[in-house]
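**Q** Pasting in a structure now, in structure tokens, and then I'll have a few things to ask.
Given below as structure tokens:
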């Protein structure tokens, strides 16, 4: 399903105190990840969340940083942003598979509320189209997913 097919989303209503969330971003493509961050922050601030941001070197480092952040115990939920653009070698495939599997393993193992905003695209133009300040912004979409998971976790914890 593409973002064009998705319904317009209202910001999830979170019961309780303001959410403490960490955005872990790999700003290798700074303009792309910056645009995703802006979309996400707009959604998260509308929900009253407190947001921390940390940078990692690249997409490959996202799962390890997520695991370290979970161990720290400071945040209730996490948002991951990055971008991998297909090149001329198999590197793209290996990185995308490793990052996605690593994040999925951590998510399934811990159940931590998570929004996953990793763009895996054929061109920089595709990435830029998914990070603009419009309804196609994948950072905002991942933030909505995070808020939905956090609302569910809070509801089931009580």
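In the working numbering, the protein residues as written are 301 to 458. Here a beta-carbon is modelled for each residue, glycine too, at the ideal position from N, C-alpha and C. Just so we're clear, the structure is a prediction, and the values are computed from it rather than from any experiment.
#1: Taking just the CA atoms, how far does residue 389 sit from residue 349?
#2: Opposite residue 325 in the DSSP bridges: which residues?
#3: Please return the same chain residues whose Cβ sits closer than 7 Å to the Cβ of residue 363, not counting the five positions on each side in sequence.
#4: When the Cα of residue 394 is compared with those of 414, 359, 374, 380, which residue comes out closest?
#5: Between the beta-carbon of residue 396 and the beta-carbon of residue 374, is there less than 7 Å?
#6: Our contact map puts residue 439 next to residue 377 with C-beta atoms below 8 Å; I'd like the distance itself, whole angstroms only.
#7: Would you report the Cα separation of residue 301 and residue 382, rounded to the nearest angstrom?
#8: Whole angstroms is fine: what's the gap from residue 433's alpha carbon to residue 445's?
#9: Return helix, strand or coil for residue 387, following the three-state DSSP convention.
#10: Mapping the DSSP letters down to three states, classify residue 417 as helix, strand or coil.
#11: So the alpha helix (DSSP H) residue 333 belongs to, where does it begin and stop?
#12: Only counting the same chain, and skipping five residues up and downstream in sequence, which positions put a Cβ closer than 8 Å to that of residue 337?
#13: Name the one or two DSSP bridge partners that residue 320 has.
**A** Inspection of the coordinates gives the following:
#1: 40 Å
#2: 355, 381
#3: 399, 402, 403, 406
#4: 359
#5: no
#6: About 15 Å; that fails the 8 Å criterion.
#7: With a pLDDT of 40 at residue 301, under the threshold of 50, the modelled position of this residue cannot be trusted, and the question is left open.
#8: 18 Å
#9: coil
#10: strand
#11: 330–346
#12: 323, 325, 353, 381, 439
#13: 350
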